[in-house]
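Numbering (the working numbering), first residue to last: 3 to 202.
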């Protein structure tokens with residue numbers, strides 16, 4: 003059981019740590035508000051749980067429909083471009099001496115949930131995880147527990163570190179980071195569209 007938890011934990015780190023759209027959004031939000039950054043990560047994890055439940059209930063076959071996957075990819079790309087634009091538009095917003103009375107926690111949770119749900123690579127990841135668990139004959143419960151423990155740890159500790167050290171960054175650096183974040187999100191969106199229309 004411990005081995006299953008450990009392997010699940012490593013899988014979770016492998017899914018959570020690499021630079022992707024969600025991590026870019028979390029880092030960008032963490033510079034201004036810790037709660038919204040965690041909400042983004044929690045939304046993404048909620049989408050992961052949704053796909054996991056679909057697999058366990060045997061309701062995942064509808065994802066094999068090419069039309070559904072095309073709609074998901076197009077929707078995900080459009081949503082990514084929209085988020086990239088929001089970050090770019092707010093690149094000059096100050097982070098120092100800034101008081102936020104009401105952070106849009108649910109709105110950021112919804113962003114993380116929607117973006118992950120519409121990402122076709124999320125589907126591929128969970129199908130791979132389920133096959134991995136079955137092939138290695140791991141304890142499903144302990145493996146999934148380890149996986150989500152790693153993801154939960156990442157989405158809470160990574161933005162905390164960024165938020166607590168934001169005083170080390172000048173406003174110019176933050177602005178450049180926002181531009182870079184928006185560019186990376188746009189890159190992911192255009193890359194997804196390229197694969198859709200070229201079949202690469």
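All C-beta atoms in this analysis are idealised placements derived from N, C-alpha and C, irrespective of residue type, glycine included.
Identify whether residue i lies in helix, strand or coil by the three-state DSSP scheme.
| i | result |
| --- | --- |
| residue 103 | Note on residue 103: pLDDT 49, under 50, position unreliable in the model; the coordinate value appears next. In this structure, residue 103 counts as coil in the three-state DSSP scheme. |
| residue 34 | coil |
| residue 174 | helix |
| residue 21 | coil |
| residue 109 | helix |
| residue 72 | helix |
Cβ atoms of residue j and residue i: under 8 Å apart, would you say?
| i | j | result |
| --- | --- | --- |
| residue 117 | residue 82 | yes |
| residue 29 | residue 144 | no |
| residue 11 | residue 149 | yes |
| residue 37 | residue 115 | no |
| residue 120 | residue 78 | yes |
| residue 72 | residue 146 | no |
| residue 26 | residue 129 | no |
| residue 157 | residue 47 | yes |
| residue 152 | residue 18 | yes |
| residue 39 | residue 161 | yes |
Can you tell me the Cβ-Cβ gap for residue i and residue j, rounded? I've got them flagged as a contact below 8 Å.
| i | j | result |
| --- | --- | --- |
| residue 110 | residue 154 | The Cβ separation is near 16 Å, so there is no contact. |
| residue 190 | residue 68 | Not quite, the Cβ-Cβ distance comes to about 21 Å (not below 8 Å), so this is no contact. |
| residue 180 | residue 90 | 7 Å |
Relative to the alpha-carbon of residue i, which residue among the options has its alpha-carbon at the smallest distance?
| i | options | result |
| --- | --- | --- |
| residue 95 | 175, 198 and 185 | 175 |
| residue 59 | 171, 112, 132 and 90 | 132 |
| residue 222 | 112, 163, 135 and 24 | Absent from the structure is residue 222, since the part of the chain shown begins at 3 and ends at 202. |
| residue 52 | 23, 125 and 88 | 125 |
| residue 84 | 196, 166 and 185 | 185 |
Enumerate, from N- to C-terminal direction, the unbroken alpha helix (DSSP H) stretches of 4 or more residues contained entirely within the stretch 124-168.
-> 142-166
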